[in-house]
Amino acid sequence: MISKQYRLDELAKQVQGEPVGQSDLKLKRLASLENASSDDIAFVNADKFLDLARSSKAGALIVTEQLRAQLQDVHQNFIVVANPYLAFAILTHTFERKHEQRGIESSAYIHPSAMISDSAYIGHFVCIGENCVVGDDTVILSHTKVDDGVEIGKQCFIDSHVTLTGECTLADRVRIHANTVIGGEGFGFAPYQGKWNRIAQLGSVRIGNDVRIGSNCSVDRGALDDTVIEDGVIIDNLVQIAHNVKVGANTAMAAKCGVAGSTVIGKNCVFAGAVGVVGHINIADNVTVTGMSMVTKSISEAGSYSSGTPMLETAQWKRAAIRFKQLADVPLTQFAKKLDHIQAQIESLESTFKLRK
Amino acid sequence: MISKQYRLDELAKQVQGEPVGQSDLKLKRLASLENASSDDIAFVNADKFLDLARSSKAGALIVTEQLRAQLQDVHQNFIVVANPYLAFAILTHTFERKHEQRGIESSAYIHPSAMISDSAYIGHFVCIGENCVVGDDTVILSHTKVDDGVEIGKQCFIDSHVTLTGECTLADRVRIHANTVIGGEGFGFAPYQGKWNRIAQLGSVRIGNDVRIGSNCSVDRGALDDTVIEDGVIIDNLVQIAHNVKVGANTAMAAKCGVAGSTVIGKNCVFAGAVGVVGHINIADNVTVTGMSMVTKSISEAGSYSSGTPMLETAQWKRAAIRFKQLADVPLTQFAKKLDHIQAQIESLESTFKLRK
Amino acid sequence: MISKQYRLDELAKQVQGEPVGQSDLKLKRLASLENASSDDIAFVNADKFLDLARSSKAGALIVTEQLRAQLQDVHQNFIVVANPYLAFAILTHTFERKHEQRGIESSAYIHPSAMISDSAYIGHFVCIGENCVVGDDTVILSHTKVDDGVEIGKQCFIDSHVTLTGECTLADRVRIHANTVIGGEGFGFAPYQGKWNRIAQLGSVRIGNDVRIGSNCSVDRGALDDTVIEDGVIIDNLVQIAHNVKVGANTAMAAKCGVAGSTVIGKNCVFAGAVGVVGHINIADNVTVTGMSMVTKSISEAGSYSSGTPMLETAQWKRAAIRFKQLADVPLTQFAKKLDHIQAQIESLESTFKLRK
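Residue numbers (our numbering), protein chains in the order written: chain A, 1 to 357; chain B, 1001 to 1357; chain C, 2001 to 2357.
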């Protein structure tokens, strides 16, 4: 694989930055300050990285003007921008190895009724069912299953071993990573006479524009209505979205989160890793939940929420844990009152005592 | 895809209910009260849904006689039953789009020694190994791997990208959802001289009748004896069942639960989402565990069990969390005693004092 | 499937043990004490299993000399070793059904530029991309995707439906279980103007020798530098390893663990099930973390660490949980001081009082 090279001024143009130094310097990679070599460009995002930047072997640095002033004694080549992190984010797309192929691999199975754009790519052993739609420039990698009635928009990226089922629909620029299941059956059972009676799930999943879902996720189809993931939502790996959940636009969920059935999550929320959310509740817009917290009731106010206990050495934790148990039977708030009461009694005793002197 | 239509009296018959109103009304979908149109039938399960039911555009409603009386001023067509939720559960199967195809897709690989029922369906790119058995009316969707020696009963449903290995056996009417792995190698290692020595797993997995396992689950094969999932167990997505676990009949586990090795779980238990269970313990029948709890020891009595802390605003949580840490060194139960002791001392002082007046 | 048989002395030789009794006894299976029959060999690991061993129908037992002495009245055939558990671990490999096939199944797709060892096995519907390398004696089971630029060493075992992407490299004797994704895109987004801007991930994943990763895991490629799993690491199912994490040699992680981005974990650590680790921290060598704990900051000392609360009956837990909330506003450590202060005041009062008598 021959990697492309880019000139310093060419890269500067892409990020609306100012090239400083050797404009025609050829750069092969975007690299970290630590591991960059003279063919590479790296970025410096804050003063705290100045030492690292000084000792970096990078051929060029993406910096602010203020950072450049502090680095020009040891480095010659820069791209000066207002926001180096954003410039870095943009340039990752330049250096990314893209899937250029178009067309359908001969080993894929496509149902005759499926409508596949000529500019799409369908990988080896992909299986596309009845009445499916695949939009322009969408890439579907090997072994993916697109079950009957599934519709995929334009410029989507579907990695290998993805299962798209339950007549789900994906809008444009959706990215689904490997081994994720969208539209699997929701977990609905009616208990009756000591058995679980399966409720066949008739709803679907609707995924908006620019949604990103990681690997090994499960997003279940709705029972009657649809499960909905709105535009711009980003979801990490191993996340569970149960039937009829609605995730509001631009909300982010880190790995291993789980949301139980029918819960409605607002826009612009941020859930850290392994957060669990019970079913049938509402979470407002702009809510942050810290890692491994359990959301057990609706949240109506924007803000940050938490549960759990801090990490301790196990020996110390065991003592604290026993005390947690004791709390069940300790009238904690009464203590404070009782202490105040006793204090008052003592003072009364003392003053009476003094009076009698 | 043309959806079938059903007459009101036809649907009533299926749920042993009484049709009220226009018997020959044609119904196309089972829908929620909110989203139903005049072609749809919806169900009303309790008084709290009466307002929703009144404003619903559903063509017909599944109700109790008592609910019908309260709705007949605005609705004309009903199916009257004793248990509308159960009737709904039954009718989901009527409206479900079923897999009707039978036979083996030409792209599937079937080992010559495998015995596949003529009434089974084997999807595209399925791979079935040596000495496998697939029973009558079983449906295996695309890309699934049925490894050597695996036996699958009748009327099972195995979704795409499932891996059945470790010579596991599935009884009848088992449903396994997409990308789940049954019979993968258990996590067994003998530490020796600073290394982990792999213990090859020789046991298998036995899955009973009417078991349902969601997507992206891992059920490991046993070390020597088998991992066992008894009849009627229902398991949601992203669940881990370690080697030699036994899950008792009709137990339900919500998404993201994990059970460590050799633990034995009773019948009719209900585990909410993300419950973790340590290895080598026993859990009685009829045990409920609330969401995200950690089961750290055997449970011998039926009942409900919990761990964790309630969700708080992060600022408040931080203060509580620091206090949790302090609990390790605070003699909580002594406080109560000490307070009582002090109170007694004060009263003694007061009374002595009074006597001397 | 006809299972092989082994003579007692043959098995004894494999574990450097001493055969006692009928040397040419034929043994078909390695079994648990409970389920062993006269064709089977079982192991006894400690005195607590003596009753089970006495009643076992096993044809032969793996024991220490000390255990043999206590069992020779009821059993005749033994293999005597210093460490029966290790002997058992070794013999599991003897009784394991191995994948003997070599070569490439005709249904596999192999890019012409890929270099596949003649002694490797490539299963049905496997897809191997441009410039990939597969080493000697490596077994890749059905449906696995080996994306462009991936390199796999010798004697590896890759189960079905695995996705190897992001130009990851696997050293020798690596085992990856079914439906796991190595090298998927890291979860990197630059927030800008209310949207999440994807940062294309340009790093890779490097997996050392003798690494074992379970089923349904996600190990993401790095942003710029690589995610690294060092030699001898063992990882159970459903584990998340985020971009740029480094896991030190011989560390073990049980199922459902998750490690956030850029965290560096030391050597010989043991994480129990469902442990969560935040990003950008360092964990020393030889750290143990108990089940479901949340590691929220760097750990610089070897030792055992925990978080969470103990399991209680739900009614008791609810009371304790309310008190946990109250802790936020209860000056716990002041209580002790206040109590001591009050005690001192009372004693002072008492002594003054006595002096005045």
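Positions of the beta carbon are idealized from the N, C-alpha and C atoms, including for glycine.
No experiment lies behind these values; they were computed from the predicted model shown.
C-beta neighbour in chain A for residue i, strict 8 Å
i: His-2161 (chain C); result: yes
i: Ser-1142 (chain B); result: yes
i: Ser-2106 (chain C); result: no
i: Met-1001 (chain B); result: Legend: pLDDT at Met-1001 (chain B) = 47, less than 50; position of this residue unreliable, value from coordinates given subsequently. For Met-1001 (chain B), the answer is yes, since a Cβ of chain A falls inside 8 Å of its Cβ.
i: Lys-1028 (chain B); result: no
i: Leu-1232 (chain B); result: It is worth fixing the name first, because residue 1232 (chain B) is Gly in this sequence and not Leu. At least one chain A Cβ lies under 8 Å of Gly-1232 (chain B).
i: Arg-1102 (chain B); result: no
i: Arg-1007 (chain B); result: no
i: Glu-1010 (chain B); result: no
Cβ-based neighbour list, residue i, same chain, cut-off 6 Å, excluding 5 preceding and 5 following
i: Thr-1163 (chain B); result: Lys-1145 and Val-1181
i: Val-139 (chain A); result: His-99, Tyr-121 and Phe-157
i: Val-1275 (chain B); result: Cys-1257, Val-1289 and Ser-1293
i: Gln-1005 (chain B); result: Lys-1026 and Lys-1028
i: Arg-2212 (chain C); result: Arg-2175 and Ile-2234
i: His-177 (chain A); result: Asp-159, Gly-214 and Ser-215
i: Val-219 (chain A); result: Ile-182, Val-205 and Ile-241
i: Gly-1232 (chain B); result: Asp-1210, Ala-1249 and Asn-1250
Residue i at chain C interface by Cβ criterion, 8 Å
i: Ala-1242 (chain B); result: yes
i: His-124 (chain A); result: yes
i: Thr-1165 (chain B); result: yes
i: Phe-95 (chain A); result: yes
i: Leu-332 (chain A); result: yes
i: Thr-64 (chain A); result: no
Range covered by the alpha helix (DSSP H) that runs through residue i
i: Asp-2051 (chain C); result: 2050-2055
i: Asp-9 (chain A); result: 8-14
i: Leu-1067 (chain B); result: 1065-1071
i: Ile-2322 (chain C); result: 2314-2327
Closer than 8 Å to chain B by CB, residue i
i: Asn-2077 (chain C); result: no
i: Leu-2032 (chain C); result: The identity of residue 2032 (chain C) in the sequence shown is Ser, whereas the question assumes Leu. Yes - at least one Cβ of chain B is within 8 Å of the one on Ser-2032 (chain C).
i: Ala-2328 (chain C); result: yes
i: Leu-238 (chain A); result: yes
i: Phe-2353 (chain C); result: yes
i: Asp-37 (chain A); result: Per the sequence presented here, residue 37 (chain A) reads as Ser, with Asp not at that position. So, not an interface residue.
Endpoints, beta strand (DSSP E) assigned at residue i
i: Ala-89 (chain A); result: Per DSSP, Ala-89 (chain A) belongs to no beta strand (DSSP E); it is in the alpha helix (DSSP H), 84-95.
i: Ala-2190 (chain C); result: 2189-2192
i: Val-2289 (chain C); result: 2287-2289
i: Thr-227 (chain A); result: 227-229
i: Asp-220 (chain A); result: 218-220
i: Pro-1112 (chain B); result: From DSSP, Pro-1112 (chain B) is part of no beta strand (DSSP E); its letter is neither H nor E.
Contact set between residue i and chain A, taken where Cβ atoms lie within less than 9 Å
i: Ile-1128 (chain B); result: Near Ile-1128 (chain B) there are no residues of chain A at all, since even the closest Cβ is about 16 Å away, more than 9 Å.
Close-in-space but distant-in-sequence residues of the same chain around residue i (CB under 8 Å, 5 per side omitted)
i: Met-92 (chain A); result: Note that residue 92 (chain A) corresponds to Thr in the displayed sequence, not to Met. Closer than 8 Å at Cβ, skipping near neighbours: Leu-30.
i: Trp-1196 (chain B); result: Phe-1189 and Ala-1190
Cβ neighbours of residue i in the same chain (closer than 7 Å, five flanking residues each side left out)
i: Ala-2171 (chain C); result: Gly-2153, Ile-2207, Gly-2208 and Asn-2209
i: Glu-301 (chain A); result: Ala-284
i: Glu-230 (chain A); result: Gly-208, Val-247, Gly-248 and Ala-249
Chain B residues whose Cβ lies nearer than 9 Å to that of residue i
i: Met-2311 (chain C); result: Val-1289, Ser-1293, Met-1294, Val-1295, Thr-1296, Lys-1297, Ile-1299, Tyr-1305, Ser-1306 and Ser-1307
i: Arg-2212 (chain C); result: Glu-1185, Phe-1187, Phe-1189, Trp-1196 and Arg-1198
Proximal residues of chain A, C-beta to C-beta of residue i below 7 Å
i: Asn-2282 (chain C); result: Correct list: empty, because the minimum Cβ distance to chain A is about 14 Å.
Neighbouring residues, chain B, relative to residue i (Cβ below 7 Å)
i: Leu-224 (chain A); result: Leu-1030, Ala-1031 and Ser-1032
Chain-ordered chain C contacts of residue i [CB-CB under 8 Å]
i: Arg-1319 (chain B); result: Leu-2327, Ala-2328 and Asp-2329
i: Lys-1145 (chain B); result: Leu-2141, Ser-2142, His-2143, Ser-2160, His-2161 and Ala-2178
Listed by chain order, chain C residues near residue i by CB distance under 9 Å
i: Asn-1216 (chain B); result: Asn-2179, Asn-2216 and Leu-2238
Interface residues of chain B facing residue i [CB-CB closer than 8 Å]
i: Phe-324 (chain A); result: Phe-1324 and Leu-1327
The ligand FAD heavy atom lying under 7 Å from the CB of residue i
i: Leu-2033 (chain C); result: Within the structure as shown, the ligand FAD is missing, as the structure has no ligands at all.
Chain B contacts made by the stretch 2176-2201 of chain C, where a contact means CB separation under 7 Å: His-2177, Ala-2178 and Asn-2179
Chain B contacts from the stretch 245-279 of chain A (Cβ-Cβ distance under 7 Å): Gly-258, Ala-260, Gly-276 and Val-278
Proximal residues, the stretch 1335-1348 of chain B versus chain C, C-beta separation under 8 Å: Phe-1335, Lys-1338, Leu-1339, Ile-1342, Gln-1345 and Ile-1346
Interfacial residues, the stretch 2080-2091 of chain C to chain B, with Cβ spacing under 7 Å: Tyr-2085, Leu-2086 and Ala-2089
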